[in-house]
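The next block holds one structure in the form of structure tokens; read it before the comments.
Protein chains: 2
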Amino acid sequence: MAVAVRPKPHEAPPGTPDPLPEPAREELRLETVMGALSDPLRLEIVRRLLLESEAFDHPCGWFGLGRPKSSLTHHFRALREAGVIRQRQYGLERRSHVRVDDLDARFPGLLDLVAAWTPPA
Amino acid sequence: MAVAVRPKPHEAPPGTPDPLPEPAREELRLETVMGALSDPLRLEIVRRLLLESEAFDHPCGWFGLGRPKSSLTHHFRALREAGVIRQRQYGLERRSHVRVDDLDARFPGLLDLVAAWTPPA
Chain A
1 MAVAVRPKPH EAPPGTPDPL PEPAREELRL ETVMGALSDP LRLEIVRRLL LESEAFDHPC
61 GWFGLGRPKS SLTHHFRALR EAGVIRQRQY GLERRSHVRV DDLDARFPGL LDLVAAWTPP
121 A
Chain B
1001 MAVAVRPKPH EAPPGTPDPL PEPAREELRL ETVMGALSDP LRLEIVRRLL LESEAFDHPC
1061 GWFGLGRPKS SLTHHFRALR EAGVIRQRQY GLERRSHVRV DDLDARFPGL LDLVAAWTPP
1121 A
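If you want it as structure tokens, here you go:
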């Protein structure tokens, strides 16, 4: 299976808000990360953040997933609490990116599986 | 992180019972496999099958996990239905092994993460 090329995350520019609460790199647990990724919508969110993002952070409206905002908020929070994504609050909006360095350090190869994932037919 | 060496699975000897129902290799879904592995007990079962098994199939009593047999039966079934393990019925006993070839083909690197997993402190 071909492994998709993933762009490197951008550094947070000066003045970026602090991240919302999240587990530290050494606190990440494989079972928790897998639980957070055991859902097609969450895999789609993470895959799109990995493969399609150009800017640093993305508001959840960017995804165009056609789900109610309250439902998306729940899924983004689950991904953050498991340590898969980092979220920052910009005024009324939360923006997200994947914790590529932390996940590659702790679970090498995991994000390649997510990048290669395809939605159910 | 060092990746543990995993033994190759043995071929099924002649006269081996047919596997219990399971998804075909091409039917395996990452989200389903991750869901099955989002539990410390299941990760422990799969890790031990990967790292410690010598013989072809293992009855669940071999694991010495100190859980009721009914609970273990449930977890082994969940792993089989997700496509992580293959189970065969030997008389009254079900024995299991990891579907290494199928998982390596579909989700390269996933079993290395399981082999490197350590239980929560």
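Going line by line, the protein sequences match chains A and B.
The first sequence begins at 1 in our numbering and counts up by one.
The second sequence begins at 1001 in our numbering and counts up by one.
Every residue, glycine too, gets a C-beta built ideally from N, C-alpha and C.
Please state whether DSSP places residue i in a helix, a strand or coil.
i	result
A:E22	coil
A:V98	strand
A:L110	helix
B:P1017	coil
B:R1086	strand
B:R1047	helix
Establish whether the CB of residue i and some CB of chain B are separated by less than 9 Å.
i	result
A:V84	no
Rounded C-beta distance between residue i and residue j? I'm assuming under 8 Å.
i	j	result
B:L1043	B:V1114	6 Å
A:E22	A:R80	6 Å
A:A82	A:A24	Contact doesn't hold; Cβ gap of about 13 Å is too wide.
A:I85	A:V100	Going by Cβ atoms, the distance from A:I85 to A:V100 rounds to 10 Å, so no, they are not a contact pair.
A:L41	A:H75	6 Å
A:R88	A:P17	4 Å
A:G15	B:G1109	Their Cβ separation, rounded to whole angstroms, is 37 Å, which puts A:G15 and B:G1109 out of contact at 8 Å.
B:W1117	B:R1067	The Cβ separation is near 18 Å, so there is no contact.
B:P1096	B:L1049	Sequence check: residue 1096 of chain B is Ser here, not Pro. The Cβ separation is near 7 Å, so the contact holds.
A:S70	B:M1034	That pair is no contact at about 24 Å.
Legend entry - Cβ-based contacts, 8 Å cut-off: residues of the region 10-32 of chain A near chain B: So the list reads R29, L30, E31, T32, given in the order they occur along the chain.
Inset, instruction - Could you list the residues in the region 1072-1102 of chain B with a C-beta less than 8 Å from some C-beta on chain A, going in chain order? - result: Residues of the region 1072-1102 of chain B with a C-beta atom less than 8 Å from some C-beta of chain A do not occur.
Inset, instruction - Can you give me, in chain order, the residues of the region 1108-1121 of chain B that have a beta carbon less than 8 Å from any beta carbon in chain A? - result: Cβ contacts with chain A: P1108, G1109, L1110, D1112, L1113, V1114, W1117, P1120.
Inset, instruction - Quick one: which residues of the region 32-44 of chain A get their C-beta closer than 9 Å to a C-beta of chain B? List them in chain order. - result: Within the region 32-44 of chain A, the qualifying residues are T32, V33, M34, G35, A36, L37, S38, D39, P40, R42, L43.
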